[in-house]
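Chains as they are written, first to last, in this note's numbering: chain A, -19 to 132; chain B, 5 to 451.
By construction, the Cβ of each residue, glycine as well, lies at the ideal position given by its N, Cα and C atoms.
Working notes for the structure below.
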């Protein structure tokens, strides 16, 4: 009787192990398909490809780790303000940004960017600004869901 | 089997914990005194010492524990000690390289991986070495893997995948499209945090099964149900970080649905709570168990916060504020750190119970300082987040960022106080552990 019990028990765990492998296979397949869509998705806006100058600006942004203090779409460090729409914000814009960069106010480090580097950073911030709105002030909500406003 | 390397992992991990917490204190000082170290190590570099060092604590300690458990508790001989040594050496050299990269300001990476991206390559190799060693050691050696072996295995594999994914921006066609790029970037972060969680939560389940001495823990249907739920969240749940990036709406809807599935975990914790409390008396005085009880509490608190802020309409207000920091520090400190301290205690107790027992008082004191300080610490972050959110959504546009920042200064001072207490608590807990592991490293003859 005892032996039979052990046998049944073993069969059950074997079945479970088999089932686990099946579940794993299915999840992984879904995952791969999903990743493919993420990597190739076209965002529902017609933002231009980033120009070479903007890409250079992004490199400068990374080399100086601006993200330690600043955010895009709320993602980044919080010692400074979000920069997603600093270009199109009222009273701000490219001249304002340029003036800010080497100012070293408050905690912002004292940078010594050349005119070209400032141009590149501004081009990058302009490219980001074109992609959307953040923060979102006019969000429609429904069962906790939020519809966001896209840039045309 | 004599071997030093698992203890070296643990030692390096614990040193990273103390050092990382210390850097945390320094960067908080920069929040309060903008001029502090501004000329020598401005915030954009000092912050990364803090972040990278503490990621090191999580990864190194989890890895050391896994090696130890496989070879000394499960008694499965390692496929290759040499590979383990290579893995350790690579990570040690990379840690030093990362520090140099911050010190000299030669950075260029992205959030969390802000060091020079070339250092990522050997790190990736180290993970692949780990994967080879892990699977070669265990496949076919243990029948019907308990869930923690699955978790460790998937943690390693998905770490390799998502760590690589975090570097896709190096490919020009990804980089040109800002929205796609930032989505992939934060997808990878969500998922590699999920991957180290697999390593760490696997460790928690392993410890539970050993402490309670119940081999059934981690083998039943329920355990695997939660494992697959967690794995699906690792894969698809990341997008609640990106609700407000203008991606295709379906990506955001999948994320919402996936995140909400975690309510099941939340409910199951409440239901099983009473059960685990009854067990408590049996295992009194066991520090590993004590730390896991703290984990239980912090899982409850953090999961509740996480679930709330994963609701898009709540996220709208909490995203981009210190409430997100409270969430990420709450999980890395409250959950990950308590599990890894439990793991280190378990090992230390096994290796040299005397040292741990003779330090009972100080460890207990450290334990309470740690937990109480963490409550205050997270509360200050939440309050800071509320203030920032109010500034974003409710203030007139005339209030500048600087004014808002000045208004939360008192909170940051209290935050600093709790941070220092947290650091002292960690010191009390870690020093006896470090003693045990140093002893081991001195005595063990072979690597």
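Within chain A, no residue has its beta carbon less than 9 Å from that of residue 407(B); the closest one is some 11 Å off. In the same chain as residue 101(A), and ignoring 5 residues on each side of it, the C-beta atoms closer than 6 Å to its own belong to 37, 40, in chain order. Secondary structure at residue 45(A): coil, using DSSP grouped into helix, strand and coil.
According to the DSSP assignment, residue 121(A) belongs to the beta strand (DSSP E) that extends over 120 to 122. Around the beta carbon of residue 344(B), a 10 Å sphere encloses 16 or more other beta carbons of the protein chains shown; the residue is thus reported as buried. Residue pairing by DSSP places residue 117(B) opposite 114(B) in a beta bridge. Exposed is the label assigned to residue 410(B), since fewer than 16 other Cβ atoms lie within 10 Å of its Cβ. Within the region 14 to 64 of chain B, no complete beta strand (DSSP E) segment of 3 residues or longer occurs.
In the displayed model, residue 52(A) falls within a strand according to three-state DSSP.
Under the 8 Å criterion on CB atoms, residue 337(B) is classed as non-interfacial with respect to chain A.
As for any alpha helix (DSSP H) of minimum length 4 sitting wholly inside the region 73 to 118 of chain A, the runs are 74 to 81, 95 to 111, ordered along the chain.
Shown in chain order are the members of the region 408 to 437 of chain B whose Cβ falls below 8 Å from a Cβ of chain A: 409. Sequence-ordered contacts of the region 175 to 205 of chain B with chain A read 179, 180, 181, 182, 183, 184, 186, 187, 188, 190, 191 [C-beta pairs closer than 7 Å]. Each residue's CA atom was taken as its position, placing residue 166(B) and residue 11(A) some 12 Å apart.
Around residue 329(B), the same chain offers 385 as residues with beta carbons nearer than 7 Å, after the five sequence neighbours per side are excluded.
356(B) is the residue among 84(B), 382(B), 356(B) whose C-alpha sits nearest the C-alpha of residue 444(B).
Between residue 239(B) and chain A, the shortest Cβ-Cβ separation is below 8 Å.
Inclusion of residue 160(B) and residue 134(B) in the CB contact set at 8 Å is warranted, their separation being smaller than that value. Restricting attention to alpha helix (DSSP H) runs no shorter than 4 residues, the region 296 to 379 of chain B encloses them at 316 to 322, 326 to 333, 342 to 355, 357 to 362, ordered along the chain. Not a single C-beta of chain B is nearer than 8 Å to the C-beta of residue 93(A). For the region 34 to 61 of chain A, the residues whose beta carbon sits under 8 Å from a beta carbon of chain B are, in order, 35, 38, 39, 42, 43, 44, 45, 46, 47, 48, 49, 51, 52, 53, 54, 55, 56, 57, 58, 59, 60, 61. In the three-state DSSP reduction, residue 127(A) falls in the strand class (E or B).
The shortest CA-to-CA distance from residue 123(A) to any of 257(B), 353(B), 13(B), 298(B) is the one to 257(B).
By the Cβ neighbour-count rule, residue 189(B) is buried, with 16 or more other Cβ atoms within 10 Å of its own. For a Cβ distance threshold of 7 Å, residue set 87 of chain A lies close to residue 34(B), ordered along the chain. In the DSSP assignment, residue 409(B) falls within the unbroken alpha helix (DSSP H) covering 405 to 411. According to the DSSP assignment, residue 223(B) belongs to no alpha helix (DSSP H), since it is labelled neither H nor E.
C-alpha of residue 417(B) to C-alpha of residue 382(B): approximately 13 Å in a straight line.
Residues of chain A with a Cβ closer than 7 Å to the Cβ of residue 248(B) are, in chain order, 53, 54, 114, 116, 128. For residue 76(A), the closest Cβ of chain B is not nearer than 8 Å.
In the structure shown, the three-state DSSP call for residue 62(A) is strand. At least one CB of chain A lies nearer than 8 Å to the CB of residue 38(B). Residue 149(B) sits in coil when the DSSP states are folded into three classes, being neither helix nor strand.
By a beta-carbon distance limit of 8 Å, residue 324(B) contacts residue 54(A). Their separation comes to about 3 Å.
Of the other Cβ atoms in all chains shown, fewer than 16 fall within 10 Å of the Cβ of residue 107(B); this residue is therefore exposed. With a threshold of 16 other beta carbon atoms within 10 Å, residue 322(B) meets it and is buried.
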